[in-house]
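The next block holds one structure in the form of structure tokens; read it before the comments.
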Amino acid sequence: MVFHRLIVLFLMVIFTGTQGTSTLAQADSLRFGGVGKEVVFDKKTGLSWQKGDSYLESKQGLSWYEAVEYVNRKNREKFGGHNDWRLPTLGELKDIWDSSRPLRSKDGEPIGLSSLFSGGGSYYLWTADERILDHA
158 MVFHRLIVLF LMVIFTGTQG TSTLAQADSL RFGGVGKEVV FDKKTGLSWQ KGDSYLESKQ
218 GLSWYEAVEY VNRKNREKFG GHNDWRLPTL GELKDIWDSS RPLRSKDGEP IGLSSLFSGG
278 GSYYLWTADE RILDHA
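Per the working numbering, residue 158 is the first one in the sequence shown, and the count goes up by one each step.
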């Protein structure tokens, strides 16, 4: 099985349906696992995700182009021991996003990701699809 590594850059809001929080937490504990302190592994899809977002490192938002360069830098650094990181597709991001999850952004907004991810960052998410706007 080919494993893909994804960097979650909290820069574009995605809307999906919700489930009960306790049921969702139980499902998350079965679906996601930590791989060291930097990576979350999704057992359902075989994808690896960066645990924290770029905002936690830089304390500023990124344009889509800056997000692409951020991913390129992570690949050069062999972040988490790998050099094949990429931005997620919209479908991949929708698959892990749920607004009922308790994880919060720096502004207290729901991030929509499992508690195995790091909170305190931005609540916007970039995908691999290029946007016309300079910022999300």
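Just so it is clear, CB atoms sit at the ideal spot from N, CA and C, and this is done for glycine as well. For clarity, every value in this text was computed on a predicted model and none was experimentally measured.
- Query: When the Cα of residue 206 is compared with those of 217, 244, 248 and 278, which residue comes out closest?
  - Reply: Mapped onto the sequence shown, residue 206 falls at position 49. Nearest of 217, 244, 248 and 278 to residue 206, Cα basis: 244.
- Item | Contacts around residue 174, its chain only, beta-carbon distance under 7 Å, and the 5 residues preceding and following it disregarded | Translated into positions along the sequence shown, residue 174 becomes position 17. Note that residue 174 scores a pLDDT of 35, beneath 50, so its modelled location is shaky; the value from the coordinates is reported in the next line. Excluding residues within five positions, none has a Cβ falling inside 7 Å.
- Item | Burial state of residue 187, where buried means 16 or more other Cβ atoms lie within 10 Å | By 1-based counting over the sequence shown, the position of residue 187 is 30. Counting Cβ neighbours within 10 Å, residue 187 comes out exposed, since fewer than 16 surround it.
- Task: Let me know the alpha helix (DSSP H) ranges lying completely inside the stretch 218 to 264, each 4 residues or longer, listed in chain order.
- Result: 221 to 233 and 247 to 253
- Task: Count the other CB atoms, across all protein chains shown, that sit within 10 Å of the CB of residue 212; report buried if there are 16 or more and exposed otherwise.
- Result: As a position in the sequence shown, residue 212 is number 55, starting the count at 1. It counts as buried.
- Candidates 209, 255, 218 and 281: which alpha carbon is nearest residue 270's? Working through the sequence shown from its first residue, we reach residue 270 at position 113. Checked all of 209, 255, 218 and 281; the closest Cα to residue 270 is 255.
- Message: Going by C-alpha to C-alpha distance, which of 221, 181, 209 and 219 sits closest to residue 194?
- Response: The residue you call residue 194 lines up with position 37 of the sequence shown. The shortest Cα separation from residue 194 among 221, 181, 209 and 219 belongs to 209.
- Message: Between which two residues does the beta strand (DSSP E) holding residue 344 run?
- Response: No answer is possible for residue 344: it lies beyond the span of the chain, which begins at 158 and ends at 293.
- If you draw a straight line from the C-alpha of residue 226 to the C-alpha of residue 267, how long is it? Locating residue 226 in the sequence shown gives position 69, counting from the first residue. Locating residue 267 in the sequence shown gives position 110, counting from the first residue. Approximately 26 Å between the Cα atoms of the pair.
- Task: Quick one: grab the DSSP three-state call for residue 185.
- Result: Residue 185 sits at position 28 when you count from the first residue of the sequence shown. Residue 185: helix per DSSP, three-state reduction.
- Task: Under 8 Å by Cβ, that's how I've got residue 260 and residue 276 pegged, so tell me the actual separation to the nearest angstrom.
- Result: What you label residue 260 is simply residue 103 of the sequence shown in a count that begins at 1. What you label residue 276 is simply residue 119 of the sequence shown in a count that begins at 1. Residue 260 to residue 276, Cβ: 5 Å. Contact.
- residue 242 and residue 232 closer than 8 Å at C-beta: Counted from its first residue, the sequence shown places residue 242 at position 85. Counted from its first residue, the sequence shown places residue 232 at position 75. Taking 8 Å as the Cβ cut-off, residue 242 and residue 232 qualify as a contacting pair.
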